[in-house]
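Residue numbers (the working numbering): 2 to 531.
The structure under discussion appears below in the form of structure tokens.
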């Protein structure tokens, strides 16, 4: 009986082989094409039309806008949820609602992916969830930048669509968390993200797990949506009131604002242009047509002689870094968060650099808790991708007062200083004006190249205010207290002059401000060659 069974099975195999020899795979190939066409339909014509009515692109349109023409190489196009009739024939196919693949920006390879809002509002179906996790794994495997374009919600109380009675539930206890590659990307490859509509739950966490994030004016970033918040806390707020740009640009959750989707995608492309592919490479140097010895006359008097008068630090930066015609290479990040500190990327003689500077228009440039957090994150980012730092110093010290004390400014500020002093990249610090107190150390790396302008002033405390405290009794006892305070301030101001510091080699050099660009460029050539 056993031999008979074996004979029949062998006979079936022989017959099947003969049939296959006269058949083709055309039907299967047609099925592949059909499924691809169904995947391209996304959520269907009506869902795509609704997306366009909101003034938003679909995820596939966003990817096409971002990438070089015809460079998108999709991964997992056939992943999705099929539907069959009783005869086992495919009747419909719901694609994974996360589109993923390789592509190029200006000829440079990247990984790009994002939720498809036309399907379930971007809330992940099973295949979509797997592809979103796979995005980080691909970036780590191939060591290339990762871009995520977000619009969608997280999971629901009903799960992601798996059979509810299936067992076992959940991942095995010995499996690696899917958040491990999410965390690892931040130390290995540049990650840029965009919020291009409502983004909540898991996609919101992925959005902020990045080195640069941008949101459009009609986007919202939420831990939980309005209905959940109303039920849990009783607050009746719109998506925009909960997590619109006016909230998250100031919270620091999002770096930049874009006027529309095209602007957001252009900002991502520009951000990546300053960075290497990964943490094992250096940023590419580009050709520079801006004269390296350019000396701007405007720099000579841009800082007022009256130290109480403000000035525009961004103008100083723009005069020094590379420019192309009237366009500066300076790309600012996180302007609304911790506004007393300026952070961004730029080029100097073709080299990519990180740039920090104080903005005396906010708290006289003092270090607040938010500014300290901003500095720490930025310094860590520059460290990860080997970007030299240019620091333009006008630091009056830590922000003072009850609000600052309650916010723990001293702790956050000291943590920022620690990050600076642990950095491994070259630092150049240009002391433009103030450098007072402990907070000033946050602007000088462990072995910085230090240039001083004639407008610089250094010390434990600013003369203004410091004299009033240190000499309070003497001033009060003077026949003319105001005149005596002015006399003391002038005397101590002379001790804070940059000239004695230059004489004692406490700075590398005191310079004419117009010399700043050529001096920094010459230093950078040496630093990058070391």
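Where a beta carbon is used, it is the ideal one built from N, C-alpha and C, also for glycine.
Distance, Cα to Cα, residue 130 vs residue 338?
-> Residue mapping note: residue 130 aligns to position 129 of the chain shown, counting from 1. Residue mapping note: residue 338 aligns to position 337 of the chain shown, counting from 1. Those two C-alpha atoms are separated by around 32 angstroms.
Can you round the beta-carbon distance between residue 405 and residue 399 to whole angstroms, since I take them to be within the 8 angstroms contact cut?
-> Within the chain shown, numbered from 1, the residue matching residue 405 stands at position 404. Within the chain shown, numbered from 1, the residue matching residue 399 stands at position 398. Indeed they touch by this definition, with Cβ atoms about 7 angstroms apart.
Considering only residues of the stretch 283-332, which uninterrupted alpha helix (DSSP H) runs meet the minimum length of 4 residues and lie entirely inside it, listed in chain order?
-> 314-321
Pair within 8 angstroms by beta-carbon distance, residue 373 and residue 410 = Sequence index remark: in the chain shown, residue 373 carries index 372 (1-based). Sequence index remark: in the chain shown, residue 410 carries index 409 (1-based). Yes, the Cβ-Cβ distance between residue 373 and residue 410 is below 8 angstroms.
CA nearest to the CA of residue 281, picked from 47, 117 and 189 | Start at 1 with the first residue of the chain shown, and residue 281 comes out as number 280. Per the Cα distances, 189.
Cβ-Cβ distance between residue 106 and residue 273 below 8 angstroms | To locate residue 106, count along the chain shown from 1; it is residue 105. To locate residue 273, count along the chain shown from 1; it is residue 272. Their beta carbons are under 8 angstroms apart, which means residue 106 touches residue 273 by this criterion.
Close Cβ partners of residue 426 (< 7 angstroms) along its chain, the five nearest in sequence each way excluded | Working through the chain shown from its first residue, we reach residue 426 at position 425. Around residue 426: 383, 384, 387, 388, 389 and 390.
Got a sec, what are the start and stop residues for the alpha helix (DSSP H) residue 251 sits in?
-> In the chain shown, residue 251 corresponds to position 250, counting from 1. From DSSP, the alpha helix (DSSP H) with residue 251 extends over 246-252.
Under three-state DSSP, which class holds residue 449?
-> Looking up residue 449 in the chain shown gives position 448. DSSP places residue 449 in coil when its eight states are reduced to three.
So the beta strand (DSSP E) residue 352 belongs to, where does it begin and stop?
-> Taking the chain shown and counting its residues from 1, the one referred to as residue 352 is at position 351. Run containing residue 352: 352-359, per the beta strand (DSSP E) assignment.
Closest residue to residue 297 among 54, 27 and 520 (Cα-Cα distance) | To locate residue 297, count along the chain shown from 1; it is residue 296. Checking every option, the nearest Cα to that of residue 297 belongs to 520.
Helix, strand or coil: which one does DSSP assign to residue 164?
-> Here the question's residue 164 lines up with position 163 in the chain shown. Because the pLDDT at residue 164 is just 46, under 50, the model does not fix this residue reliably, and the value given afterwards should be weighed accordingly. Coil.
Considering only C-alpha positions, which residue in the set 118, 114 and 124 is nearest to residue 140?
-> For the purposes of this step, residue 140 is identified with residue 139 of the chain shown, where counting begins at 1. The shortest C-alpha separation from residue 140 is found at 114.
Skipping 5 residues on each side, what residues in its chain have a beta carbon closer than 8 angstroms to that of residue 138?
-> The residue labelled residue 138 in the question sits at position 137 within the chain shown. Closer than 8 angstroms at Cβ, skipping near neighbours: 182.
Spatial distance of residue 192 from residue 305 (CA atoms) = Taking the chain shown and counting its residues from 1, one reaches residue 192 at position 191. Taking the chain shown and counting its residues from 1, one reaches residue 305 at position 304. Straight-line Cα distance between these residues: approximately 40 angstroms.
DSSP three-state call for residue 177: helix, strand or coil?
-> On the chain shown, position 176 is the one that residue 177 refers to. DSSP places residue 177 in coil when its eight states are reduced to three.
Boundaries (first-last residue) of the beta strand (DSSP E) holding residue 271 = Here residue 271 refers to the residue found at position 270 of the chain shown. Residue 271 -> not in any beta strand (DSSP E); alpha helix (DSSP H) instead, spanning 262-274.
Tell me residue 93's beta-bridge partners as DSSP assigns them.
-> As a first step, residue 93 must be located in the chain shown, where it is residue number 92. For residue 93, which the question treats as bridged, DSSP gives the partners 84.
Using the C-alpha atoms, what's the distance from residue 249 back to residue 79?
-> One-based indexing of the chain shown puts residue 79 at position 78. One-based indexing of the chain shown puts residue 249 at position 248. Computed Cα separation, rounded: 36 angstroms.
For residue 91, which residues from the same chain have a beta carbon less than 8 angstroms from its beta carbon, with the 5 sequence-adjacent residues on both sides left out?
-> By one-based count along the chain shown, residue 91 stands at place 90. Cβ within range, chain order: 32, 35, 36, 83, 84 and 85.
Might you give, ordered along the chain, the residues of its own chain that have their beta carbon closer than 6 angstroms to the beta carbon of residue 287, omitting 5 neighbours on each side?
-> Start at 1 with the first residue of the chain shown, and residue 287 comes out as number 286. Excluding positions up to five away in sequence, the list reads 351.
If I'm right that residue 358 touches residue 318 with Cβ under 8 angstroms, what's the distance once you round it to whole angstroms?
-> For the purposes of this step, residue 358 is taken as residue 357 along the chain shown, with counting starting at 1. For the purposes of this step, residue 318 is taken as residue 317 along the chain shown, with counting starting at 1. About 6 angstroms separates the two Cβ atoms, so the contact holds.
What is the DSSP secondary structure of residue 225, reduced to helix, strand or coil?
-> In the chain shown, the residue the question calls residue 225 occupies position 224. It is coil, neither helix nor strand.
How many Å lie between residue 524 and residue 451 at the Cα?
-> Looking up residue 524 in the chain shown gives position 523. Looking up residue 451 in the chain shown gives position 450. So the alpha carbons of these two residues sit roughly 10 angstroms apart.
Between which two residues does the beta strand (DSSP E) harbouring residue 435 extend?
-> Residue mapping note: residue 435 aligns to position 434 of the chain shown, counting from 1. That run of the beta strand (DSSP E) goes 428-437.
What first and last residue would you give for the beta strand (DSSP E) that runs through residue 151?
-> As a working note, residue 151 is residue 150 in the chain shown. First-last of the beta strand (DSSP E) with residue 151: 147-153.
Cβ separation of residue 301 and residue 515, assumed to be a contact under 8 angstroms, to the nearest whole Å = Against the chain shown, residue 301 aligns to sequence position 300. Against the chain shown, residue 515 aligns to sequence position 514. Yes, they are in contact, since the Cβ atoms of residue 301 and residue 515 sit about 6 angstroms apart, within 8 angstroms.
In or out: residue 257 buried (at least 16 other Cβ within 10 Å) or exposed?
-> Walking along the chain shown from the start, residue 257 turns up at place 256. Residue 257 should be labelled buried.
With respect to the alpha helix (DSSP H) encompassing residue 66, which residues constitute its N-terminal and C-terminal limits?
-> For the purposes of this step, residue 66 is taken as the residue at position 65 of the chain shown. Start and end: 60-67.
Do you know whose CA, among 308, 226, 204 and 419, lies nearest residue 361's CA?
-> Locating residue 361 in the chain shown gives position 360, where the first residue counts as 1. Checking every option, the nearest Cα to that of residue 361 belongs to 308.
Check the C-beta distance from residue 219 over to residue 56 and give it rounded, since I have them as a contact under 8 angstroms.
-> Numbered from 1 along the chain shown, position 218 holds the residue referred to as residue 219. Numbered from 1 along the chain shown, position 55 holds the residue referred to as residue 56. That belief holds up - the Cβ atoms of residue 219 and residue 56 are roughly 7 angstroms apart, short of 8 angstroms.
For the alpha helix (DSSP H) holding residue 418, just list the boundary residues, first then last.
-> The count along the chain shown starts at 1 and reaches residue 418 at position 417. Per DSSP, residue 418 belongs to the alpha helix (DSSP H) from 410-422.
Residue environment, residue 26, which counts as buried when at least 16 other CB atoms sit within 10 Å | Stepping through the chain shown from its first residue, residue 26 is reached at position 25. Exposed, by the Cβ-count rule.
So what does DSSP say about residue 191, is it helix, strand or coil?
-> Here residue 191 is taken as the residue at index 190 of the chain shown, counted from 1. Looking at residue 191 - three-state DSSP - the assignment turns out to be coil, as it is neither helix nor strand.
Selection from 108, 61 and 414 that minimises the alpha carbon distance to residue 444 = Translated into positions along the chain shown, residue 444 becomes position 443. When each option's Cα is compared against that of residue 444, the closest is 414.
Between residue 76 and the rest of its own chain, which residues show a CB-CB distance below 8 angstroms, the 5 nearest in sequence each way excluded?
-> Residue numbering aside, residue 76 sits at position 75 when the chain shown is read from its first letter. If we look at residue 76 and ignore the five residues flanking it on each side, its Cβ neighbours are 101, 102, 103, 132, 135 and 139.
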